[in-house]
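A.B. asks: This is the structure I have questions about; it appears just below.
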Amino acid sequence: MTSILPSSTQVLVVGGGPAGATTAILLAREGFDVTLVEKSKGSNTKIGESLLPSALEIFDLLGIREKVEAHGFLRKTGAYFDWGPQEWSFKFEDIAVNDNSTYTFQVRRPEFDNLLMSHGKTQGVKVFQGVQIKEISFAGERPVKASWSRGRGSEQQSGEITFDYLVDASGGYGLMANHYLHNRQYHEEFENLAIWGYYKNAKIKPIQPDNATITASTKDGSGWFWGIPVDDDLLSVGLVINNELYKARRSKASMKEVFLQAIADCPAIAEVVEPAELVSKIEIGQDFSYWAENFSGPGYFLVGDAACFLDPLLSTGVHMSFFTGMMTAASISSIFRNEITEERALSFYDRVCRFHYLSLMVFVSSFYHKMHKPDSSAQPSEFIAQMADFQKVDPQMREMVAQHMSSLLSLGEEGIRLAIEQEKKGLPASALREHHEKVFAQIWNGLFSYLPEVNGLGLCKKPQLGIFPVAQMSETVPATV
Ligand SMILES: Cc1cc2nc3c(=O)[nH]c(=O)nc-3n(C[C@H](O)[C@H](O)[C@H](O)COP(=O)(O)OP(=O)(O)OC[C@H]3O[C@@H](n4cnc5c(N)ncnc54)[C@H](O)[C@@H]3O)c2cc1C
Numbered sequence: 047m048t049s050i051l052p053s054s055t056q057v058l059v060v061g062g063g064p065a066g067a068t069t070a071i072l073l074a075r076e077g078f079d080v081t082l083v084e085k086s087k088g089s090n091t092k093i094g095e096s097l098l099p100s101a102l103e104i105f106d107l108l109g110i111r112e113k114v115e116a117h118g119f120l121r122k123t124g125a126y127f128d129w130g131p132q133e134w135s136f137k138f139e140d141i142a143v144n145d146n147s148t149y150t151f152q153v154r155r156p157e158f159d160n161l162l163m164s165h166g167k168t169q170g171v172k173v174f175q176g177v178q179i180k181e182i183s184f185a186g187e188r189p190v191k192a193s194w195s196r197g198r199g200s201e202q203q204s205g206e207i208t209f210d211y212l213v214d215a216s217g218g219y220g221l222m223a224n225h226y227l228h229n230r231q232y233h234e235e236f237e238n239l240a241i242w243g244y245y246k247n248a249k250i251k252p253i254q255p256d257n258a259t260i261t262a263s264t265k266d267g268s269g270w271f272w273g274i275p276v277d278d279d280l281l282s283v284g285l286v287i288n289n290e291l292y293k294a295r296r297s298k299a300s301m302k303e304v305f306l307q308a309i310a311d312c313p314a315i316a317e318v319v320e321p322a323e324l325v326s327k328i329e330i331g332q333d334f335s336y337w338a339e340n341f342s343g344p345g346y347f348l349v350g351d352a353a354c355f356l357d358p359l360l361s362t363g364v365h366m367s368f369f370t371g372m373m374t375a376a377s378i379s380s381i382f383r384n385e386i387t388e389e390r391a392l393s394f395y396d397r398v399c400r401f402h403y404l405s406l407m408v409f410v411s412s413f414y415h416k417m418h419k420p421d422s423s424a425q426p427s428e429f430i431a432q433m434a435d436f437q438k439v440d441p442q443m444r445e446m447v448a449q450h451m452s453s454l455l456s457l458g459e460e461g462i463r464l465a466i467e468q469e470k471k472g473l474p475a476s477a478l479r480e481h482h483e484k485v486f487a488q489i490w491n492g493l494f495s496y497l498p499e500v501n502g503l504g505l506c507k508k509p510q511l512g513i514f515p516v517a518q519m520s521e522t523v524p525a526t527v
């Protein structure tokens, strides 16, 4: 039987979600030989529909911007929060880091993932759907060969493929972290699960800004909801709730009842779905929020959910997939072109991605902190120092993140303090709202537009994608997406 996969490739990418597709396309555009293997045939459903504005710059790098624009996904122009006693919204154009981050999209994920993979084919990626990677063989610590299979029974085909680099983009499955490295750690901060479903005829139109994601906490403070318009007439509604609390409620009611009771306790969502019809079954996702102890090692890179996943409060999942995909493609490109040693590239990749991930983690934790301890007087630096998951980080990285994030969170604290003072003085609600938006804009920019130089290295996007000593770069682009 002839093999459907080549017997060797420069880079094998396992998984065709946003992380795998981004890495593969960027590497192919740099001229390398890339094989991407995706086990599904493209028809499965997937959660993770709400993108961040950082996606636009990645679409440009991938050369897919026009196709995404033309596809008909909803254009998401901002976000709306109803969190504890505070309510605020912002338009991305008002907080944009640059002209290229003024909007984004709400996407139907299977279609979006297929669009990325199809585009990959046009960019030279060898894409194989319906093929599963079964086993990895190592030379010492270095993965060098994978076995694959396709189909079942008498139809089954299988074979082996050798490679120079393995990119594990297998998502929650965690091919490397779960099956070989055994180094996935679950966070203590977010012991949450999510249950979600889809509504037709919801009151999507009045949601402001246009097609914004609604993020709203329940009145009893037990959890929060997302409301994501994925279509003109389809709203994704999901509840994120503590594992133990869910178990206690579930012992007395069905999953659907728990979901509906929580909606009734969340006015911002109850109002939107009040006329609507639940048209899907309720699904559940557990054990999210984790990271692998190492994001890379000799001959391999972990990208997207295969490396790490953060509670979905800020919709950072696909953003991290793009980000880690871009950083991996830059790292491998520079190694292949002999611009940097593998050792330095691995260390750069691990540290720059961990810094970004940790910064987002601190920010998301601070939201939960406000939810669970609204009267806490802990200073941001104290709060960060007390975060359980932070203790596992090496001291140098801890210091870098703590410094960056305590200044951003302090900005938020100061903003709230001023708003309360002004409220006492009788400032109108509209002015207070404006004030919240301004503060949030500053924090958002700090979160998404800053990355440190790591060991003197930085990301360069043009004229070639790679990582270079910052001092040597002619056209440097800050390492952000
Ligand atoms: C409740 C919840 C809500 C979320 N909401 C959002 C949101 O609104 N916005 C957002 O940005 N993110 C959200 N996310 C996160 C988002 O879904 C993920 O971060 C994102 O899908 C990760 O992309 P990925 O490419 O890393 O992995 P995936 O999209 O999971 O892709 C991995 C691919 O690898 C394939 N694969 C696995 N094993 C193998 C193998 N052995 N061989 C071949 N193929 C294999 C799988 O079939 C899969 O297609 C949410 C997550 C959860 C749990």
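Residue 47 is where the sequence shown starts when you use the working numbering, and the numbers rise one by one after that.
Note that the Cβ used here is the ideal one computed from N, Cα and C, for glycine as well.
Only a predicted model underlies this, so the values are computations on that prediction, with no experimental measurement involved.
Across which residues does DSSP place residue 84 in a beta bridge pair?
C.D. replies: Translated into the one-based positions of the sequence shown, residue 84 becomes position 38. DSSP lists 175 as partners of residue 84.
A.B. asks: Compare the C-alpha of residue 442 against each of 424, 482, 500 and name the closest.
C.D. replies: Mapped onto the sequence shown, residue 442 falls at position 396. Taking only the C-alpha atoms, the option nearest residue 442 is 500.
A.B. asks: Could you tell me if the beta carbon of residue 196 falls within a distance shorter than 8 Å of some heavy atom in ligand 1?
C.D. replies: Here residue 196 corresponds to residue number 150 of the sequence shown, with the count starting at 1. For ligand 1, not one heavy atom lies less than 8 Å from the Cβ of residue 196.
A.B. asks: Since residue 371 is in the alpha helix (DSSP H), which residue starts that stretch and which ends it?
C.D. replies: Locating residue 371 in the sequence shown gives position 325, counting from the first residue. Its alpha helix (DSSP H) spans residues 363-382.
A.B. asks: Whole angstroms is fine: what's the gap from residue 174's alpha carbon to residue 69's?
C.D. replies: Residue 174 sits at position 128 when you count from the first residue of the sequence shown. Residue 69 sits at position 23 when you count from the first residue of the sequence shown. The straight-line gap from Cα to Cα measures roughly 15 Å.
A.B. asks: If you measure between the beta carbons of residue 191 and residue 204, is that distance less than 9 Å?
C.D. replies: Along the sequence shown, read from residue 1 onward, the residue named residue 191 stands at position 145. Along the sequence shown, read from residue 1 onward, the residue named residue 204 stands at position 158. The answer is no: Cβ separation not under 9 Å.
A.B. asks: Hey, quick one: how far does the beta strand (DSSP E) through residue 394 stretch, first residue to last?
C.D. replies: Taking the first residue of the sequence shown as 1, we reach residue 394 at position 348. Segment 388-418 is the alpha helix (DSSP H) holding residue 394; no beta strand (DSSP E) there.
A.B. asks: Taking all protein chains shown into account, do 16 or more other C-beta atoms lie within 10 angstroms of the C-beta of residue 257, making it buried, or fewer, making it exposed?
C.D. replies: Translated into the one-based positions of the sequence shown, residue 257 becomes position 211. It is buried - the Cβ of residue 257 has at least 16 other Cβ atoms within 10 Å.
A.B. asks: Cβ of residue 326 within 8 Å of any heavy atom in ligand 1?
C.D. replies: For the purposes of this step, residue 326 is identified with residue 280 of the sequence shown, where counting begins at 1. Because no heavy atom of ligand 1 lies under 8 Å away, the Cβ of residue 326 does not count as near it: no.
A.B. asks: Is the beta carbon of residue 287 within less than 8 Å of some heavy atom of ligand 1?
C.D. replies: Stepping through the sequence shown from its first residue, residue 287 is reached at position 241. Outside the cutoff, so no.
A.B. asks: When every heavy atom of ligand 1 is checked, does at least one fall within less than 8 Å of the C-beta of residue 272?
C.D. replies: Here residue 272 refers to the residue found at position 226 when the sequence shown is read from its first residue. Yes, Cβ of residue 272 sits closer than 8 Å to a heavy atom of ligand 1.
A.B. asks: May I ask which residues mark the beginning and end of the beta strand (DSSP E) holding residue 160?
C.D. replies: Numbered from its first residue, the sequence shown carries residue 160 at position 114. First-last for residue 160: 155-168, but that is the alpha helix (DSSP H), not the beta strand (DSSP E).
A.B. asks: Give me the Cα-Cα distance between residue 409 and residue 135, rounded to the nearest whole angstrom.
C.D. replies: The count along the sequence shown starts at 1 and reaches residue 409 at position 363. The count along the sequence shown starts at 1 and reaches residue 135 at position 89. Approximately 17 Å between the Cα atoms of the pair.
A.B. asks: How is residue 265 classed by DSSP in three states: helix, strand or coil?
C.D. replies: The residue labelled residue 265 in the question sits at position 219 within the sequence shown. Reduced to three states, the DSSP call for residue 265 is coil.
A.B. asks: Mind checking whether the beta-carbon of residue 337 lies closer than 8 Å to any heavy atom of ligand 1?
C.D. replies: Here residue 337 refers to the residue found at position 291 when the sequence shown is read from its first residue. Not so, every heavy atom of ligand 1 lies at least 8 Å from the Cβ.
A.B. asks: Buried or exposed, going by whether 16 or more other CB atoms sit within 10 Å of the CB of residue 264?
C.D. replies: In the sequence shown, the residue the question calls residue 264 occupies position 218. With 16 or more other Cβ atoms within 10 Å, it is buried.
A.B. asks: Near residue 286, what residues of its chain come up, given a Cβ to Cβ distance below 6 Å and the 5 sequence neighbours on each side ignored?
C.D. replies: Here residue 286 is taken as the residue at index 240 of the sequence shown, counted from 1. Excluding sequence neighbours, residue 286 sits near 238, 240, 269, 270.
A.B. asks: So, is residue 176 buried or exposed, given that buried needs 16 or more other C-beta atoms within 10 angstroms?
C.D. replies: Against the sequence shown, residue 176 aligns to sequence position 130. Counting Cβ neighbours within 10 Å, residue 176 comes out exposed, since fewer than 16 surround it.
A.B. asks: For a test of the three-state rule: what should DSSP assign to residue 521, helix, strand or coil?
C.D. replies: For this step, residue 521 is matched to residue 475 along the sequence shown. In this prediction, residue 521 scores a pLDDT of 45, lower than 50, which makes its location untrustworthy; the coordinate-derived value is nonetheless stated afterwards. It is coil, neither helix nor strand.
A.B. asks: Need the endpoints of the alpha helix (DSSP H) that residue 432 sits in, please.
C.D. replies: Reading the sequence shown from its first residue, position 386 is the one you call residue 432. Per DSSP, residue 432 belongs to the alpha helix (DSSP H) from 426-432.
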